[in-house]
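Peer 1:
Numbering (my numbering), first residue to last: 58 to 219.
1. Out of 190, 90, 113, 141, which has the shortest C-alpha to C-alpha gap to residue 178?
2. Excluding the five sequence neighbours on either side, which residues of its own chain have a C-beta within less than 8 Å of the C-beta of residue 163, listed in chain order?
3. So residue 146 packs on residue 140, CB below 8 Å; how close in whole Å?
4. With distance defined between alpha-carbon atoms, name the residue in 204, 161, 91 nearest to residue 120.
5. Using only alpha-carbon positions, find the residue among 187, 175, 82 that is nearest to residue 212.
6. Tell me which residue opens and which closes the alpha helix (DSSP H) that residue 89 is part of.
7. Please work out which residues of its chain come closer than 7 Å, Cβ to Cβ, to residue 189, disregarding the five sequence neighbours upstream and downstream, and give them in chain order.
8. Let me check understanding here. Comparing Cα to Cα, which of 103, 71, 93 lies closest to residue 117?
9. Look at the Cβ atom of residue 180, then the Cβ atom of residue 115, and state whether they are nearer than 8 Å.
10. Report the three-state DSSP secondary structure of residue 114 (helix, strand or coil).
11. In chain order, which beta strand (DSSP E) runs of at least 3 residues are fully inside the stretch 142 to 218?
As structure tokens, then:
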């Protein structure tokens, strides 16, 4: 069986285009870590208004990027309930999206093709808190790594997308 890599550009010696991308990553690393830290510091537990606060952090970051148009809305439960198989259809536990908008950054291009990069902003509860050596919302940096609730799932992914 022939071996394949999912990252073909890493299987060869970097060309000028690759080096340009790597330089840009290096140049922006500080800003990206600051953005990630800002995201981690927001306890965006599901169903809480902190999700909206975290989305504002994302919106504010997107507003700093030239060429980005921001689309923001709160999902309409009545409309969602019209979709027969939607996972939150007809919830009876008081679930709503008040103060918890969806934030989308759009960058127009010249191609007919589109690319969607997506991440969620909510995080799993950090319980038990006794398992943490620092607060899960501190965005602690130790040994060149950042620790905090959502750092891996999926706020770092979101920061890298933006």
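For every residue, glycine included, the Cβ atom is placed at its ideal position computed from N, Cα and C.
Peer 2: Looking at the coordinates:
1. It is 113 whose Cα lies nearest to the Cα of residue 178.
2. Cβ within range, chain order: 125, 126, 127, 128.
3. Between residue 146 and residue 140 the beta-carbon gap is near 6 Å, inside 8 Å, which marks them as a contact.
4. Checked all of 204, 161, 91; the closest Cα to residue 120 is 161.
5. Of the candidates 187, 175, 82, the residue whose Cα lies closest to the Cα of residue 212 is 175.
6. Going by DSSP, residue 89 is part of the alpha helix (DSSP H) stretching over 73 to 97.
7. Sequence-distant Cβ neighbours of residue 189 in its own chain, meaning closer than 7 Å and more than five residues away, are 183.
8. Checked all of 103, 71, 93; the closest Cα to residue 117 is 93.
9. Inclusion of residue 180 and residue 115 in the CB contact set at 8 Å is not warranted, their separation being larger than that value.
10. In this structure, residue 114 counts as helix in the three-state DSSP scheme.
11. Within the stretch 142 to 218, the runs of beta strand (DSSP E) at least 3 residues long that lie entirely inside it are, in chain order, 159 to 164, 197 to 199, 202 to 204.
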